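Residue numbers (mature numbering (1 follows the signal peptide of the UniProt record, and there is no 0)): -20 to -1, 1 to 182.
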């Protein structure tokens, strides 16, 4: 075969290859933007912790809490069966608010009685801990790195506060129902963070 014929064959092959390729858009850095794989596992890589918290608040937090929240009796049972491994759970209590602890205006707490013991529940505006994130079943493997996973806790805590009513001293002694997340470790419940809170008829 002559050189000219080889050239024609190579040109034809190149044309076929180009025809078979899909044109891919480039991002701002000139890198190809690959379409999402419809069979790929759901990922939060391209979302901010705040976006994740807002988009999953109903489905992963409130709906899960509605279906699996412990009552006072079940919470007490959990506390009496200590485990060295922290476990975060959702709880729903209805009862009297003994007092509102607003000694720290940034970290206000409600105090309710659980089986004769005072129990503190954070109501904001600042809440601490990972209870909401962990009770909702989020796992480190779903995220890009440890930083994003840690930031999600703060995002959920901030999201929770946006759904809560303003609490002041007028709530003292009132009956209320509260849904919250808490982390149980070695028979002690810590970092209880309110998700829903409303006064009940007296």
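All residues carry an ideal CB built from backbone N, CA and C; glycine is no exception. These numbers were taken from a predicted model, which means no experiment stands behind them.
Bridge partners - residue i, DSSP secondary structure assignment
i	result
residue 177	158
residue 145	According to DSSP, residue 145 bridges with nothing at all.
residue 105	87
residue 50	71
Local conformation of residue i per DSSP, three classes
i	result
residue 29	helix
residue 70	strand
residue 43	helix
residue 79	strand
residue 100	strand
residue 89	strand
residue 171	strand
residue 127	helix
residue 165	strand
Distance, residue j Cα to residue i Cα
i	j	result
residue 183	residue 173	As shown, the chain starts at -20 and ends at 182. That puts residue 183 outside it, with no answer to give.
residue 65	residue 166	8 Å
residue 169	residue 160	12 Å
residue 76	residue 130	34 Å
residue 157	residue 45	14 Å
residue 94	residue 68	17 Å
residue 181	residue 48	25 Å
residue 109	residue 72	18 Å
residue 154	residue 179	7 Å
residue 121	residue 175	25 Å
residue 20	residue 135	Note that residue 20 has pLDDT 36, beneath the 50 cutoff, so the model's placement of it is unreliable and no number is given.
residue 144	residue 102	11 Å
residue 191	residue 50	Residue numbering for the chain in the displayed model covers -20 to 182; residue 191 lies beyond these limits and cannot be assessed.
residue 55	residue 28	33 Å
residue 60	residue 177	26 Å
residue 63	residue 57	12 Å
residue 142	residue 83	21 Å
residue 42	residue 88	22 Å
residue 74	residue 32	30 Å
CA nearest to the CA of residue i, picked from the options
i	options	result
residue 147	75, 55, 46 and 81	81
residue 119	175, 50, 133 and 95	133
residue 104	115, 85, 98 and 121	85
residue 114	52, 63, 162 and 38	162
residue 30	149, 138, 153 and 144	138
residue 116	38, 26, 97 and 56	38
residue 24	176, 179, 53 and 127	127
residue 26	171, 123 and 55	123
residue 97	32, 52 and 42	52
residue 150	40, 58, 90 and 59	90
residue 171	125, 152 and 100	100
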